[in-house]
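Colleague: Protein sequence lines, in the order shown, are assigned to chains Y and B.
Note that the first sequence covers residues 166 to 279 in the working numbering.
Note that the second sequence covers residues 44 to 154 in the working numbering.
One structure follows; several queries about it will come next.
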Amino acid sequence: KAGVTQTPRYLIKTRGQQVTLSCSPISGHRSVSWYQQTPGQGLQFLFEYFSETQRNKGNFPGRFSGRQFSNSRSEMNVSTLELGDSALYLCASSWRLGGVTEAFFGQGTRLTVV
Amino acid sequence: EDQVTQSPEALRLQEGESSSLNCSYTVSGLRGLFWYRQDPGKGPEFLFTLYSAGEEKEKERLKATLTKKESFLHITAPKPEDSATYLCAVPPQGGSEKLVFGKGTKLTVNP
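Okay, here's the thing in structure tokens:
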């Protein structure tokens with residue numbers, strides 16, 4: 166069974182540009198969450214999607230947005246990039262049976278803003 | 044605010060030297076606690092889910108336990124390949140799939 170796939174693995178962007186990251190969840194999983202990981206802050210929740218609807222959003226500025234498609238694949242977009250956006254962006258998928266379910270992570274996209 | 048605190052931040056062990064990592068949480072009405080292992084530059088790898096106080100789960104040299112206020116990850120006779128950052132996470136109150144993570148414990152096992 167294929168795991169969570171994130172593309173691209175690495176990105177280098179310039180300040181002010183925008184970027185789109187992609188996540189394909191495990192087959193059959195309908196919930197996708199995004200996290201930002203930095204050395205200082207650790208893993209911080211960005212947003213969660215289920216059945217194409219955003220269910221939760223973390224404490225990040227509006228420059229961070231996302232969406233989910235009918236096949237459960239998800240994208241996140243960051244506009245007007247800042248140096249502080251450099252981080253490992255992680256996507257996690259889960260089945261979501263209504264209770265607490267395990268989340269499985271992809272390998273992440275390493276974004277560097279210069 | 045829901046919080047997860049892990050200690051120590053870093054731990055160096057000799058191969059075969061057993062120890063424990065701690066994860067304390069302040070979430071009320073705990074719905075579950077997750078342990079993950081993360082290697083440098085990679086995504087977290089799921090290890091265990093614990094649901095209620097007194098529960099224990101084992102996998103190879105790792106055993107996770109849960110009390111009402113904290114969880115322990117016991118590492119028995121570790122090997123160098125156990126070197127990684129170990130993260131614990133809890134879902135906050137409510138029905139969200141969001142996870143609140145601790146900062147992790149970086150474990151180094153020397154041969």
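Note that CB positions come from ideal geometry on N, CA and C, so glycine has one too.
Does chain Y have any CB closer than 9 Å to the CB of alanine 53 of chain B?
Modeller: Answer no: the Cβ-Cβ gap between alanine 53 of chain B and chain Y never drops below 9 Å.
Colleague: What first and last residue would you give for the beta strand (DSSP E) that runs through phenylalanine 115 of chain B?
Modeller: Segment 113-118, the beta strand (DSSP E) holding phenylalanine 115 of chain B.
Colleague: Which of the three DSSP states is assigned to glycine 231 of chain Y in this structure?
Modeller: In this structure, glycine 231 of chain Y counts as strand in the three-state DSSP scheme.
Colleague: Keeping to the same chain, check which residues put their C-beta closer than 7 Å to that of phenylalanine 225 of chain Y; ignore five residues upstream and five downstream.
Modeller: Leu211.
Colleague: In terms of residue numbering, what span does the beta strand (DSSP E) encompassing serine 192 of chain Y cover?
Modeller: From DSSP, serine 192 of chain Y is part of no beta strand (DSSP E); its letter is neither H nor E.
Colleague: Taking CB distances under 9 Å as the criterion, tell me whether lysine 85 of chain B reaches chain Y.
Modeller: Interface residue, yes.
Colleague: According to DSSP, simplified to helix, strand and coil, what is glutamate 52 of chain B?
Modeller: Three-state result, glutamate 52 of chain B: coil.
Colleague: DSSP three-state label for leucine 73 of chain B, please.
Modeller: In this structure, leucine 73 of chain B counts as coil in the three-state DSSP scheme.
Colleague: With C-beta atoms as the reference, is valine 143 of chain B less than 9 Å away from glutamine 46 of chain B?
Modeller: The answer is yes: Cβ separation under 9 Å.
Colleague: Give the range of the beta strand (DSSP E) segment to which alanine 257 of chain Y is assigned.
Modeller: Element bounds for alanine 257 of chain Y: 252-259.
Colleague: Would glycine 231 of chain Y be called buried (16 or more neighbouring beta carbons within 10 Å of its own) or exposed?
Modeller: When all chains shown are included, glycine 231 of chain Y counts as buried.
Colleague: Against chain Y, does valine 122 of chain B count as a neighbour if the rule is that its beta carbon must be under 9 Å from one of theirs?
Modeller: A small correction: the amino acid at residue 122 of chain B is lysine; valine does not occupy that position in the sequence shown. Answer no: the Cβ-Cβ gap between lysine 122 of chain B and chain Y never drops below 9 Å.
Colleague: Can you tell me the Cα-Cα spacing of arginine 261 of chain Y and serine 126 of chain B, whole angstroms?
Modeller: Cα-Cα distance, rounded: 31 Å.
Colleague: Alpha carbon to alpha carbon, what distance is there between serine 196 of chain Y and tyrosine 94 of chain B?
Modeller: Spanning the two alpha carbons is a distance of roughly 20 Å.
Colleague: Quick check on this structure: which residue in B:Pro123, B:Asn65, B:Lys111, B:Lys102 has the alpha carbon closest to the alpha carbon of lysine 146 of chain B?
Modeller: Checking every option, the nearest Cα to that of lysine 146 of chain B belongs to B:Asn65.
Colleague: Could you tell me whether any Cβ in chain B is nearer than 9 Å to the Cβ of serine 198 of chain Y?
Modeller: Serine 198 of chain Y counts as touching chain B.
Colleague: Can you check which of these residues, Y:Val279, Y:Leu253, Y:Gly271, Y:Ala257, is closest to tyrosine 175 of chain Y by C-alpha distance?
Modeller: Of Y:Val279, Y:Leu253, Y:Gly271, Y:Ala257, the residue nearest in Cα terms is Y:Leu253.
Colleague: State whether the segment 71-79 of chain B contacts the segment 87-103 of chain B, with contact taken as three or more CB pairs (one from each stretch) at a distance under 8 Å.
Modeller: Short answer: they touch.
Colleague: Between Y:Ser235, Y:Phe229, Y:Ser258, Y:Asn236, which has its C-alpha nearest serine 244 of chain Y's C-alpha?
Modeller: For the residues Y:Ser235, Y:Phe229, Y:Ser258, Y:Asn236, the minimum Cα distance to serine 244 of chain Y belongs to Y:Phe229.
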